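Everything in the sequence shown is counted per the working numbering, starting at 1 for the first residue and increasing by one.
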Amino acid sequence: MLLIECPWCGARDEPEFTYGGEPAVRPGPATEVGDAEWTGYLYLRGNEKGAHRELWCHSAGCGQWFVMERDTVTHATIAVVRR
Ligand SMILES: [Zn+2]
């Protein structure tokens, strides 16, 4: 089981958290950007092997969102940042 370090509550088991995907910068309104850019924002993810940034919510705890950088191969946490 993955142990996740909540920046507010400390280390907790993964079932207390909800995965929110990769942090991405939202492009302009859909009416101002092309279909390819908007589709990329909505559906395409890097899913890199190795160091990876992810959004997590401590949904069964404090309810706060944060960014966790972890290694997807070893599951080692590299950094946790409050949003
Ligand atoms: Zn928390």
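Beta carbons are placed, not taken as given, at the ideal position from N, Cα and C, and that holds for glycine.
Please read these numbers as outputs of a predicted model, since none were measured by experiment.
So what does residue i bridge to, in DSSP terms?
i, result
"tryptophan 56", "Tyr19, Phe66"
"valine 73", "Per DSSP, none; premise fails for valine 73."
"glutamate 5", "Ala11"
"alanine 51", "Asp71"
"alanine 79", "Glu69"
Check residue i in the structure and name its three-state DSSP category.
i, result
"leucine 44", "coil"
"alanine 36", "helix"
"alanine 24", "coil"
Assuming residue i contacts residue j under a Cβ cut-off of 8 Å, what Cβ separation, rounded to an integer in Å, is found between them?
i, j, result
"glycine 61", "cysteine 6", "6 Å"
"glutamate 16", "histidine 52", "No, glutamate 16 and histidine 52 are not in contact; Cβ-Cβ is about 20 Å, not under 8 Å."
"tyrosine 43", "proline 27", "Going by Cβ atoms, the distance from tyrosine 43 to proline 27 rounds to 13 Å, so no, they are not a contact pair."
"glycine 21", "arginine 45", "7 Å"
TODO: Let me have the residue list for ligand 1: C-beta closer than 5 Å to any non-hydrogen atom, ordered along the chain.
DONE: One residue list follows from the rule of a beta carbon closer than 5 Å to any heavy atom of ligand 1, given in chain order as Cys6, Trp8, Cys9, His58, Gly61, Cys62.
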